[in-house]
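Chains A and B are the protein sequences, given in the same order.
Okay, so the first sequence: first residue is 6 according to the numbering used here, each after it adds one.
Okay, so the second sequence: first residue is 6 according to the numbering used here, each after it adds one.
We treat Cβ as the ideally placed atom computed from N, Cα and C, and that holds for glycine.
The structure displayed is predicted, hence computed values, not measured ones.
Presented below is the structure to which this report refers.
Protein chains: 2
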Amino acid sequence: MQIAYIGMGIMGSAMAGNLAKAGNSVKVWNRTPDRPTINEAVNSGCTKCDTIAETVKDCSIVFTCVSDVEDLHEVLFGSGGVFESALAGSIVVDTATIGPGAAIEFSEKLNERGIKFLDAPVTGGDVGARNGTLTIMVGGNEPDFEAVLPALRSVGKNVQLCGPVGSGQALKLCNQILCAVNMVAVTEALLLAKCFGLDEKMVPEILGTGAGGSWALQNLAPRILKDDFAPGFRIKDMLKDLRLVQENATSDRGNQLELPGTNSARKLFEAAAGEVGMDSGTQAMIKGFAAAKK
Amino acid sequence: MQIAYIGMGIMGSAMAGNLAKAGNSVKVWNRTPDRPTINEAVNSGCTKCDTIAETVKDCSIVFTCVSDVEDLHEVLFGSGGVFESALAGSIVVDTATIGPGAAIEFSEKLNERGIKFLDAPVTGGDVGARNGTLTIMVGGNEPDFEAVLPALRSVGKNVQLCGPVGSGQALKLCNQILCAVNMVAVTEALLLAKCFGLDEKMVPEILGTGAGGSWALQNLAPRILKDDFAPGFRIKDMLKDLRLVQENATSDRGNQLELPGTNSARKLFEAAAGEVGMDSGTQAMIKGFAAAKK
């Protein structure tokens, strides 16, 4: 199958590589053409192109994975972008987190030229992208989903159609709330343990498999206790996703959904970024607590 | 071994029963003598007594499991209580959640008469108490811990000495923070899913095993979605524990530890109790959200 992949960051290049390894003919493009991560895709058999038009030419599927809503808008609708160049009938599959509102808006615009759209945000991080074990949450209609399913199965292990366009984004934002607020739980439990003079290692070790357990407690608490704040997932990206929650979480009556836990998480990530920078992993939230700074 | 067990609620009677089944001679007492739960202990071979003095007579270990700090104080230091009646050299093992401050205070008072004290709060609920699979977090000194370890092993699967007196309580409060704030995460994710028009079942089913996963998501979200608010753990007991966090979470400089996530959880549990009552399970937190009431 002829596939285009636009956006050769860590995630995009790993996914493009897996698409090529599965036997597809994959052309790739990145705004910054010499970004080192693109080599992973090229080494796996992808062909690097100079323009979006050249990349999407003759392709029935166009993957995108660019960092934010504005960047995706430029790639899709900017001069020389996908909207101008892609085949009518082709399917754009966006794997980034852009929120359901943008997904629906972009889908409708692409449809005007007969280009179809699926939102397909992923979880599982760089490791999942490399190993092809991502969870992929897809929003769109059934025939489009079926058409891209073989391709998605070569990049993800758990591929789920969640509902119409925007539904994959919606479920992804639910996931980000869980990750953000579970991190608050882990952080406050560790701070309380410290305040009580406990050996903080007992928090993940003794409590990790019980009713207080979580992925964050088992995987990120040990990193916090080793002062390892290298990113699995960056604070910068989490704050972008929590902004998308806020922008999209409006009830059918037009009220903003009240999410006090998510709100606390956002403030704590912002405070932590002020201490240790936006590129730290989300487990650096603990640096955003007043008590942790003293 | 001669063992006394004071406090025949659901947890105490199940633990007393397991102590008797393990071959110990167990005498039990409850403030309200005809409480139905006491039968579970009696049916397992425990002997029901009329007074605390009669219960603790000749016992080297005195377990307590009464509902709050004031009640435990009365049982220990009230007229005819443990302080007056227990053998010098006997060890009081309290399995309730009373906070590290009260544990240390009660321990010191008991020591005046040569009675030793271990705090040994548990997690694992009524099911864990019946099956003898509780996690038991013990605070106290090593020789006292070793002396009661065979007894504790007959009521719990995971028995851990956490540090000096109060340390078991401290770790238990960390656990309660994790449970409370993870519930905020689950609730907000479900509310966001509903706001987006998603099938909410996807939240536990698709996200439960990923980076947003938690015990609460896997075990309590499905109950919320079935409108099943029967207590595993009651809001009333959780609010008591979060009050203990607040009372005990004072740093070495005397500052109150700031715990915004725990604070949100407490307010949401209080709001939920106003809607559905204190005896609902903690998963009823969702009833405390403004958006969920409309």
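Hey, quick one: how far does the beta strand (DSSP E) through V191 (chain A) stretch, first residue to last?
From DSSP, V191 (chain A) is part of no beta strand (DSSP E) but of the alpha helix (DSSP H) over S172 to C200.
Within chain A, the residues that Q165 (chain B) reaches when beta carbons sit closer than 8 Å
Residues of chain A passing the Cβ test: M207 and I211.
Going by C-alpha distance, which of B:A289, B:L222, B:G218 and B:N224 is nearest I240 (chain B)?
B:A289
Taking Cβ-Cβ distances below 9 Å as the criterion, which residues of the stretch 248-274 of chain B are in contact with chain A?
V250, N253, A254, T255, S256, D257, R258, N260, L262, E263, L264, P265, G266, T267, N268, S269, A270, K272 and L273
When you compare the CB positions of T267 (chain A) and I182 (chain A), do they come within less than 8 Å of one another, or not?
Cβ atoms of T267 (chain A) and I182 (chain A): closer than 8 Å.
Could you tell me the distance, in whole angstroms, from the CA atom of V250 (chain B) to the CA atom of S159 (chain B)?
29 Å
If the cut is a Cβ gap below 8 Å, which residues of chain A does G168 (chain B) touch?
G202, L203 and D204
Does the beta carbon of T102 (chain B) come closer than 8 Å to any beta carbon on chain A?
no
How about the stretch 210-222 of chain B and the stretch 173-181 of chain A: do they share at least three Cβ pairs that are nearer than 8 Å?
yes
Proximal residues to K299 (chain A) (C-beta, below 6 Å), its chain only, five neighbours per side dropped:
The predicted position of K299 (chain A) is uncertain, since its pLDDT is 49 and thus under 50; no value can be drawn from it.
Which residues in the same chain as G86 (chain B) place their Cβ atom closer than 8 Å to its Cβ, once the five residues preceding and following it in sequence are excluded?
The answer, listed in chain order, is I57, E79 and V80.
Contacts of M142 (chain B) in chain A (Cβ-Cβ under 9 Å):
M207, I211 and L212
Return the bridge partner residues of D232 (chain A) from the DSSP annotation.
Partner(s): none; D232 (chain A) has no beta bridge.
Measure how close the beta-carbons of A221 (chain A) and V208 (chain A) come, nearest whole angstrom, since I'm counting them as under 8 Å.
About 12 Å separates the two Cβ atoms, so there is no contact after all.
T52 (chain B) - DSSP class collapsed to helix/strand/coil:
Look at T52 (chain B) here: in three-state DSSP terms it is strand.
Given a threshold of 16 other Cβ atoms within 10 Å of its Cβ, counted over all protein chains shown, does G17 (chain B) qualify as buried or as exposed?
Result: buried.
So, N23 (chain A) versus G137 (chain A), is the Cβ gap smaller than 8 Å?
yes
Rounding to the nearest angstrom, what Cα-Cα distance links G12 (chain A) and A175 (chain A) in this structure?
22 Å
Can we count P236 (chain A) as close to the ligand SAH, meaning its CB is less than 7 Å from some heavy atom?
In the structure on display, the ligand SAH does not appear, and there are no ligands present to speak of.
Give the straight-line distance between the Cα atoms of G237 (chain A) and D284 (chain A), rounded to the nearest whole angstrom.
Whole-angstrom Cα-Cα distance: 10 Å.
Does I8 (chain A) come out as helix, strand or coil in the three-state DSSP assignment?
strand
Throw me the rounded Cβ distance for the I120 (chain A) and A93 (chain A) pair, which I believe falls under 8 Å.
7 Å
Which residue marks the beginning of the beta strand (DSSP E) containing I141 (chain B), and which one marks its end?
First-last of the beta strand (DSSP E) with I141 (chain B): L139 to G144.
Straight-line CA distance for A295 (chain B) to A277 (chain B)?
10 Å
Could you tell me whether the Cβ of E193 (chain A) comes closer than 8 Å to any Cβ of chain B?
yes
Start and end residues, beta strand (DSSP E) containing T100 (chain A):
Premise fails: T100 (chain A) is in no beta strand (DSSP E) and is neither H nor E.
Against chain A: residues of the stretch 171-182 of chain B by CB proximity under 8 Å:
G171, S172, A175, L176, L178, C179, N180, Q181 and I182
Is there a Cβ of chain B sitting closer than 8 Å to that of T138 (chain A), yes or no?
no
Starting from I66 (chain A), trace the beta strand (DSSP E) both ways and give me its first and last residue.
I66 to T69
Is there a Cβ from chain A that is less than 8 Å from the Cβ of V189 (chain B)?
yes
Assign S112 (chain B) to buried or exposed, taking buried as 16 or more other Cβ atoms, counted over all protein chains shown, within 10 Å of its Cβ.
buried
Could you tell me which chain B residues have their CB closer than 9 Å to the CB of L24 (chain A), listed as they occur along the chain?
Those do not exist, as L24 (chain A) stays about 22 Å from chain B at its closest Cβ, beyond 9 Å.
Drop a sphere of 10 angstroms on the beta-carbon of E193 (chain A), count the other beta-carbons inside from all chains shown, and report buried for 16 or more, exposed for fewer.
buried
T52 (chain A) versus R248 (chain A): straight-line alpha-carbon distance, rounded
35 Å
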